[in-house]
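Enquirer: Here you go, one structure.
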Amino acid sequence: SERGLRRLLGKRQRLLAYLAKKNRVRYKKLISQLNIREK
Numbered sequence: 006s007e008r009g010l011r012r013l014l015g016k017r018q019r020l021l022a023y024l025a026k027k028n029r030v031r032y033k034k035l036i037s038q039l040n041i042r043e044k
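In terms of this note's numbering, the sequence shown opens at residue 6 and continues consecutively.
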């Protein structure tokens, strides 16, 4: 369902935001692996 998917994405965004603060280098590597562009 779209609601479930959106919740999952929200959870992922929080994890990424947490990782971005905690470990910038690993975050950048993860982003490039996932091929997600930062807003």
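Even glycine gets a Cβ: it sits at the ideal position worked out from N, Cα and C.
The structure presented is a predicted model; accordingly, all values stated were derived computationally and were not measured.
1) On the DSSP letters alone, give me the boundaries of the alpha helix (DSSP H) that Ser37 sits inside.
2) Give me the Cβ distance between Arg24 and Arg17, rounded to the nearest whole Å; I'm assuming they're in contact under 8 Å.
3) Pull up the distance between the alpha-carbon of Gln38 and that of Arg29, whole angstroms please.
Expert: Reading off the structure:
1) Residues Arg29 to Leu39.
2) Sequence inspection shows Leu at residue 24; the Arg mentioned does not correspond to that position. The pair is not a contact, with the Cβ atoms about 10 Å apart (cut-off 8 Å).
3) Distance between the alpha carbons of Gln38 and Arg29 is about 14 Å.
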